[in-house]
Amino acid sequence: MSGGVSARVWALHLAVIAALLAAGFLLPEYHRGVFARILVLAVFAMGYNLLIGYAGLLSLGHAMFFAAGLYGAGLPVYHLGWGVLPAFAAGIAAGGALALVIGALALRTVGVAFMIVTMMFSQVVYLTTLYFTTWTRGEEGLVLSPAMRRIDLGGAALSLSDPVARYMIALFLFSVVLLLSLRLVRSPFGRTLVGIRENEERMRMLGYDTFRAKLAAVVVSGLACGAAGAAWGLMFGYVGSGFASIQYSILPLLWVLVGGAATTLGPLLGTAFMFYVVDYASGLTSAYLLLVGAALILTVLFFPRGVLGTMRERWLKWLP
Amino acid sequence: MTDVRKPSRLFPSSVSRRGALKGLGAAAALGAAPGFVRYAQAQSSAPVRIGFQAHRTGIGAAYGRWYERTTAAAVKAINDAGGINGRPVEIVTEDDGTDPARGAEVVEKFASQHRVDLVYGTLFSHVVTGSAPAAGELKIPYYVVSEGYHVASGKLNRWVIQPGITDVRAQCRSVAPWIAQNVGKKITMIFPDYAFGHDHRDFFGPAAEEQGAQVIARIAIPPTETSFTRYFPQIPSDTDVIYHVMVGPAVLTFVKELGEFYGGRGPKLFGFIDSLEAVDINSPGLEFLEGSHFWEGMPRYLQPDASEAERAYRAAVGLDDNGAAVNDPRDVSTNAHMFGCWETLHIIKRSMEAAGYRGIEDRQKLIEATEAMTDMEEGIEHPQGPKRFDGRIHQVFGTQNISVVENGRLNVVHKTSIEDGLYEPEADYTAQAF
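Chains as they are written, first to last, in the numbering used here: chain A, 3 to 322; chain B, 7 to 440.
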């Protein structure tokens with residue numbers, strides 16, 4: 003198969019997509035809504051996974067790329083009356099452009115310094131969203147009304163506030179990013195990133211331009227996170243600076259580590275797992291973060307490489 | 007809970023064949039008359055279920071704790087008086103973590119999983135704004151107790167409504183005349199540089215200038231700031247009044263540093279109690295506040311002229327004379343805001359009664375019934391004072407209190423009128439489709 007992806011791996015991914023498609027019709031209303039959110043956030047996590055999982059770059063500032071997409075799409079819709087599709091494209095472009103600039107600067111550092119620099123840049127983006135409160139309404143945020151969230155399809159209108167349409171669009175976005183990321187990580191570029199993760203000096207000695215490869219990884223990651231942010235704003239109708247805060251830099255890290263870094267399906271699993279742990283535990287006690295913490299510790303004890311990462315290590319060697 | 011039904015007792019234990027046939031015929035007739043069946047269900051004693059979106063964790067937790075207590079007290083009062091349309095009220099609480107994304111999920115959970123009649127109780131404006139689209143899409147009434155201008159701005163939707171607490175724009179307008187006439191005409195504003203602070207900047211400034219006062223400096227403090235002394239030299243020396251609305255954990259540092267900067271000889275102070283809700287006014291470092299004035303939605307300390315209704319409300323919620331919990335004097339309340347929960351729940355009761363509310367199919371009627379409300383008299387349902395509701399902007403107007411710190415107590419020196427806070431509506435939700 004192309005890009006070194008076996009038929010079994012394609013079949014697994016297509017089966018996951020098919021199962022999610024079926025879930026769109028079978029899930030109760032609440033869980034369908036939840037899964038629409040999980041699918042969009044899983045795109046965010048997949049973008050993050052590309053960097054931490056495959057390139058070995060631990061960023062603590064990915065909220066800025068999600069926020070770039072969120073505001074890149076939301077502000078033109080709110081203030082300029084743009085349509086959904088150009089706004090979505092603008093959101094993706096904003097994520098990619100910001101990633102190019104941040105990557106060019108932050109990749110001059112490595113390790114802990116890279117973590118701190120990305121966190122600082124993300125904080126700058128967060129404060130920028132507050133600084134321009136006149137346009138962003140800062141932490142309070144903006145509401146994109148259902149009328150702003152319609153896609154005109156030659157006479158017929160597709161409303162992103164319709165739960166079924168929203169689920170299908172979220173699934174479509176998730177599927178595209180999942181299959182692209184599968185293709186990407188099995189491509190020579192993906193192999194190069196893994197090589198850099200394992201031993202950057204050796205890759206450089208072999209003649210690879212590792213800076214360029216890492217920059218490309220940051221940009222691709224930024225594009226995916228920007229797409230997730232843009233989709234979030236347009237689909238759920240809210241654009242606020244909370245999504246640029248440090249919390250949204252830590253969350254994708256957790257989702258990816260729980261699901262399994264450097265696994266293509268780990269981000270989805272981790273995002274869903276974390277969502278339902280919070281959802282269930284918060285119904286039991288107001289100290290639910292304690293339960294979430296306990297769940298995370300247990301996961302780390304029994305699945306030190308994340309759920310799918312550990313399964314791959316022990317049983318399913320072929321898992322991508 | 008409305009789905010829980012007792013086993014049928016249609017037939018007595020010894021039933022004749024003719025009786026059974028009659029009964030079956032009656033049952034078939036019932037089945038063929040859906041309108042009647044709905045009516046029959048409505049007459050049941052199944053509770054009215056209200057989803058309470060609570061800030062149990064996150065930055066709003068102190069407010070959330072008291073919002074929960076006030077809600078429990080109001081529900082008890084309503085149930086003791088016979089419930090709503092003869093049905094008891096049941097509160098289903100979910101924590102939103104004071105987070106807008108989680109807030110929207112919680113609204114979905116209430117609507118789709120708990121299947122409550124309505125959602126209620128949110129305070130922080132970003133959670134309201136983040137949750138409003140979900141409420142609109144799911145067509146579930148969303149009664150907020152938030153005091154932000156976001157509802158009245160017309161930027162949300164017809165399902166979001168704020169009938170139990172006034173908004174920041176009205177509050178700014180109400181206090182401006184008194185400040186200009188009694189404290190001073192040259193005003194320096196110090197506010198956090200985000201939406202809450204900008205609302206004060208944008209609404210108080212023009213209101214003060216209408217009264218012949220002048221805002222001579224506007225000092226925006228970045229939200230991450232933890233020390234404030236370096237901003238104080240920006241305060242013009244001819245300032246009569248410093249109008250401050252700092253919030254969050256840094257507020258104690260702010261007040262302490264302001265006190266040290268002026269050493270007790272500076273301009274007069276006017277602040278919003280939002281800064282010090284759930285904080286003891288006698289905390290170390292706040293001595294400098296002695297003699298300064300505050301806006302209070304409802305007085306924290308029991309005033310000598312408090313009405314019977316206000317005293318009854320305080321007793322029901324469990325407040326001592328200092329506005330702290332009766333069983334823990336260190337547990338200071340958020341009384342300037344939480345009365346809004348009590349009043350909102352009573353408005354929900356009145357609206358449901360006016361709409362003849364039977365179940366979730368009547369949600370639209372419920373909103374229309376609240377929209378139709380106008381004047382509300384002071385009394386046990388409105389212990390904070392009389393109110394006037396404007397259905398066009400889904401916002402209530404009311405009286406405000408201005409209090410002075412004297413001997414470590416907040417004493418009310420002026421009560422504004424409803425008219426002081428009125429402004430021209432910028433929107434009309436009633437023209438929106440449901």
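By construction, the Cβ of each residue, glycine as well, lies at the ideal position given by its N, Cα and C atoms.
Report task. Say whether chain A places a C-beta atom closer than 8 Å to the C-beta of LEU416(B). Result -> no
Q) Within 10 angstroms of its Cβ, does ILE299(A) collect 16 or more other Cβ (buried), or is it exposed? A) exposed
Fill in: Expected contact under 8 Å - CB spacing of PHE134(A) and ILE104(A) to nearest Å
Contact doesn't hold; Cβ gap of about 19 Å is too wide.
Going by C-alpha to C-alpha distance, which of ILE146(B), GLU377(B), GLN187(B) and HIS343(B) sits closest to GLU216(B)? GLN187(B)
Compute the beta-carbon to beta-carbon distance between GLY231(A) and GLY71(A), rounded to the nearest angstrom, for a pair I have assumed lies under 8 Å.
3 Å
> Which residues in chain B sit within 7 Å of PHE238(A), going by Cβ to Cβ distance?
Replying inline: ALA110 and PRO139
- prompt: Taking just the CA atoms, how far does ALA246(A) sit from ALA33(B)?
  reply: Caution is warranted here: a pLDDT of 45 is assigned to ALA33(B), below 50, making its placement in the model unreliable, and the coordinate value is therefore given only provisionally. So the alpha carbons of these two residues sit roughly 59 Å apart.
Quiz item: Using a beta-carbon distance cut-off of less than 8 Å, what residues from the segment 230-253 of chain B approach chain E?
Solution: The chain inventory of the structure shown lacks chain E, comprising the protein chains A and B.
| query | Do you know how far the Cα of ALA229(A) is from the Cα of PHE46(A)? | reply | 8 Å
ask   = Just to confirm, are GLY303(B) and ALA342(B) a CB contact at a threshold of 8 Å?
value = yes
Exercise. Going along the chain, which residues of its own chain have a beta-carbon closer than 6 Å to the beta-carbon of ARG11(B), five neighbours each way excluded?
Worked result: Residue confidence for ARG11(B) is low, a pLDDT of 39 falling below 50, so the modelled location carries little weight; the figure read from the coordinates is stated next. For ARG11(B), where only same-chain residues beyond five positions count, there are no Cβ hits under 6 Å.
Q. What residues in the segment 273-298 of chain A have a beta carbon less than 9 Å from any beta carbon of chain B?
A. PHE277, VAL280, ASP281, SER284, GLY285, SER288, ALA289, TYR290 and LEU291
Excluding sequence positions up to five away, which residues of its chain have a Cβ less than 7 Å from the Cβ of LEU267(A)?
VAL18 and LEU310
Practice prompt. Would you mind sorting HIS81(A) into buried or exposed? The rule is 16 or more other CB atoms within 10 Å of its CB.
Written response: exposed
Residues of chain B with a CB under 9 Å from the CB of LEU29(A): which are they? Those do not exist, as LEU29(A) stays about 11 Å from chain B at its closest Cβ, beyond 9 Å.
Measure the C-alpha to C-alpha separation of ALA52(B) and ALA140(B) and round it to an integer number of angstroms.
26 Å
ask   = Since ILE196(B) is in the alpha helix (DSSP H), which residue starts that stretch and which ends it?
value = Here ILE196(B) belongs to no alpha helix (DSSP H); instead the beta strand (DSSP E) covers 192-198.
field: Three-state secondary structure (DSSP) of PRO335(B)
entry: strand
Cβ closer than 9 Å: which chain A residues qualify as neighbours of THR63(B)? SER284, SER288, ALA289, TYR290 and LEU291
Original post:
For GLY71(A), which residues in chain B fall below 7 Å Cβ to Cβ?
Top reply: Near GLY71(A) there are no residues of chain B at all, since even the closest Cβ is about 15 Å away, more than 7 Å.
Open item on the list: Taking 8 Å as the threshold (beta carbon to beta carbon), is THR436(B) in contact with chain A?
Closed with: no
Run of the alpha helix (DSSP H) containing GLY346(B), from where it starts to where it stops
341-361
Can you pull the DSSP bridge partners for LYS274(B)?
-> VAL247(B)
Give the list of continuous beta strand (DSSP E) stretches no shorter than 3 residues that lie fully inside the segment 351-421 of chain B. 393-396, 401-404, 407-412 and 415-421
Beta-carbon proximity of THR340(B) to GLU283(B), cut-off 8 Å: yes
- Message: Residues in the same chain with beta-carbon distance under 8 Å from LYS82(B), minus the five sequence neighbours each way, listed in chain order, please.
- Response: ALA322
For HIS15(A), three-class secondary structure by DSSP: helix
| query | Are the beta-carbon atoms belonging to GLY235(A) and LEU146(A) less than 8 Å from one another? | reply | yes
Indicate, with yes or no, if the ligand ATP has a heavy atom lying under 7 Å from the CB of LEU292(B).
-> The ligand ATP is absent from the structure shown, which contains no ligand whatsoever.
- Query: So which of HIS388(B), HIS352(B), ARG415(B) and PHE395(B) has the shortest CA-CA distance to ASP86(B)?
  - Reply: HIS352(B)
Buried or exposed for GLN177(B), please, with buried defined as at least 16 other CB atoms from any protein chain shown within 10 angstroms of its CB.
buried
### Task
Using a threshold of 8 Å, state whether the C-beta atoms of TYR155(B) and ASP105(B) are closer than that.
no
Which same chain residues end up closer than 6 Å to LEU144(B) when comparing Cβ atoms and leaving out the 5 residues on each side of it in sequence?
ALA117
In this structure, does DSSP put ILE90(B) in helix, strand or coil?
strand
Pull up the CB-CB distance for VAL260(A) and MET237(A), whole angstroms please, since I reckon it's below 8 Å. Wrong, their Cβ atoms sit about 24 Å apart, outside the cutoff.
> Unbroken alpha helix (DSSP H) runs of length 4 or more, entirely within the segment 122-205 of chain B: which are they?
Replying inline: 131-144 and 174-188
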